[in-house]
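Participant: To start, I am sharing the structure in question, which I have written as structure tokens.
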Amino acid sequence: MPSIVAGIEMGGTGCKVAISNENGQYDNNYSLQIVTTDPEHTLREIYEWLESKRSERPFVAIGIACFGPVDLDKTSKHYGYITTTPKPGWQYVNVVGAFRGLNVPVAFETDVNAPAMTEAALRGDSSAAYITIGTGVGVGLVLEGRPVHGLMHPEGAHIKCERFAGDDYAGDCPYHNSCIEGMSKAKAVADRLKISPNLLSKIPDDDPVWNIQAYYIAQLCASVIYLTSVKRIIIGGGLTKRNGLFEHIRKHVLQILNSYLDIPAITNDIDNYIVPSKLGDLIGIQSAFDIAQGIIEKK
Ligand SMILES: [Zn+2]
């Protein structure tokens, strides 16, 4: 039976915090959206909101789906921290520790592994990858029903990639310039158009820039397929809400694979293999609820 749980979707530009209903589902009346500023103010605003609502809706666990890189190793002294992020002021911030005062168990995952688990569960898949495309690009992995942690967690968006023919954009990753994220995140698309990222919504669906972006995302999909053999790839995030993007990505993936893999799920049915999120904008917060439910079930 689901319980009332709290979820926090920690993003580099904004955070969403919510308390579920009795069925573990999202309720718009118990949610808050804030801008991510410095760690002290951001975490305190979330904490105080949760504290103010708990008498009305007593949550029994908190799930945090967090931007990374983060430390997921429970034996590490930095477990529950954001670690080496390029986001100014957010290096080695103790996110889980900030909510200990609420005296409920806290589940912690990346903002891509948690959605990968929720999307896989919704479809009954034992393995899946979740790719987000927005301010940043990220990929989360579930294999044999478990999120992949290993030494840290996958950071597949930083794989080096091949250039789209004629694309001379230098890339915007502070570590690698032209890695997949550096070539395909919102700022990279906006830079090619010489506009601010907040104007990307004005760019029409048939602008060639989306096909260029899709080429880089397709390389990430192909790498994920080769390395992990996942049963499905789900793509979400702010930059996926336009017609034609999935068609571009699927077309490039088939061209990159070049018939090397004779797998009908991909070659004959790619429309059901590379798919949009079932939950759209709610995937982040619902996945945070779901990891909170998971921590209760384990107890
Ligand atoms: Zn990079």
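Going by my numbering, the sequence shown opens with residue 897, and the numbers climb by one from there.
In this text, a Cβ means the ideal position worked out from N, Cα and C, and glycines have one as well.
Evaluate the contact criterion for the stretch 900-917 versus the stretch 1187-1194: three or more CB pairs, one atom per stretch, below 8 Å.
Facilitator: yes
Participant: For C1069, name the three-state secondary structure that DSSP assigns.
Facilitator: Collapsing the DSSP output to three states places C1069 in a strand.
Participant: Using a Cβ-Cβ cutoff of less than 6 Å, which residues in the same chain neighbour P1070 once the five nearest sequence positions on both sides are dropped?
Facilitator: P982.
Participant: Tell me which residue opens and which closes the alpha helix (DSSP H) that E944 is part of.
Facilitator: P935 to K949
Participant: Please look up how many angstroms separate the CB atoms of L1037 and T938, rounded, as I've assumed it's under 8 Å.
Facilitator: Their Cβ separation, rounded to whole angstroms, is 27 Å, which puts L1037 and T938 out of contact at 8 Å.
Participant: Measure the beta-carbon distance from D1007 to G907 and round it to whole angstroms, keeping in mind my assumption that it falls under 8 Å.
Facilitator: Indeed, because the Cβ distance is near 7 Å, the residues count as touching under 8 Å.
Participant: Using 7 Å as the cut-off, classify the Cβ of Y1112 as near or not near the heavy atoms of ligand 1, replying yes or no.
Facilitator: no
Participant: Got a sec: does ligand 3 put a non-hydrogen atom nearer than 7 Å to the Cβ of E918?
Facilitator: Absence of ligand 3 is noted for the structure shown, with ligand 1 being the only ligands found.
Participant: Please report the Cβ distance between S916 and F1142, rounded to the nearest whole angstrom; I am assuming they are in contact, meaning their Cβ atoms lie under 8 Å.
Facilitator: No, S916 and F1142 are not in contact; Cβ-Cβ is about 30 Å, not under 8 Å.
Participant: What residues in its chain sit with their C-beta under 8 Å from that of Q987, if we drop five residues either side in the sequence?
Facilitator: I978, T979, T980 and T981
Participant: Given this structure, state the Cα-to-Cα distance separating T1031 from G1132, to the nearest angstrom.
Facilitator: 12 Å
Participant: Quick one: is P1093 buried, meaning 16 or more other Cβ sit within 10 Å of its Cβ, or exposed?
Facilitator: Label assigned to P1093: buried.
Participant: Hey, would you say the C-beta of E1193 is under 7 Å away from at least one heavy atom of ligand 1?
Facilitator: no
Participant: What residue range is occupied by the uninterrupted beta strand (DSSP E) comprising I928?
Facilitator: Contrary to the premise, residue 928 reads as Leu rather than Ile in this sequence. From DSSP, the beta strand (DSSP E) with L928 extends over S927 to V931.
Participant: Where do the ends of the alpha helix (DSSP H) carrying M1079 lie?
Facilitator: I1076 to S1080
Participant: Whether or not the stretch 1064-1084 and the stretch 993-1013 are in contact is what I'm after, with contact meaning three or more pairs of Cβ atoms, one per stretch, closer than 8 Å; do they touch?
Facilitator: No, the stretch 993-1013 is not in contact with the stretch 1064-1084.
Participant: Go ahead and pull the three-state DSSP assignment for T1172.
Facilitator: This sequence places Pro at residue 1172; Thr is not what is there. It is a strand residue.
Participant: For P965 and E952, I'd like the C-alpha separation in whole angstroms.
Facilitator: 34 Å
Participant: Say the cut is 7 Å; is the CB of G1078 nearer than that to a heavy atom of ligand 1?
Facilitator: G1078 Cβ: within cutoff of ligand 1.
Participant: Since C911 and I958 are thought to touch, with beta carbons under 8 Å apart, how far apart are those beta carbons, to the nearest angstrom?
Facilitator: About 13 Å; that fails the 8 Å criterion.
Participant: Have a look at S1119, S927 and C962 and flag the residue whose alpha-carbon is nearest the alpha-carbon of G948.
Facilitator: Gly is not the amino acid found at residue 948; the sequence shown has Ser there. For the residues S1119, S927 and C962, the minimum Cα distance to S948 belongs to S927.
Participant: Counting pairs of Cβ atoms below 8 Å between the stretch 1038-1046 and the stretch 1133-1152, do you hit three or more?
Facilitator: Under the 8 Å Cβ criterion, the stretch 1038-1046 does not count as touching the stretch 1133-1152, having fewer than three qualifying pairs.
Participant: What are the residues that DSSP puts in a beta bridge with P1043?
Facilitator: V1038
Participant: Return the residue from the list N925, Q1182, L1047 and I1055 that minimises the CA-CA distance to L1116.
Facilitator: Comparing alpha-carbon positions, the option among N925, Q1182, L1047 and I1055 lying closest to L1116 turns out to be I1055.
Participant: Excluding the 5 residues flanking V956 on each side, which residues of the same chain have their C-beta closer than 7 Å to its C-beta?
Facilitator: S899, I900, V901, V1000 and I1192
Participant: Shorter than 7 Å, the distance from the beta carbon of H1049 to the closest heavy atom of ligand 1, or not?
Facilitator: Result no, Cβ not under 7 Å from ligand 1.
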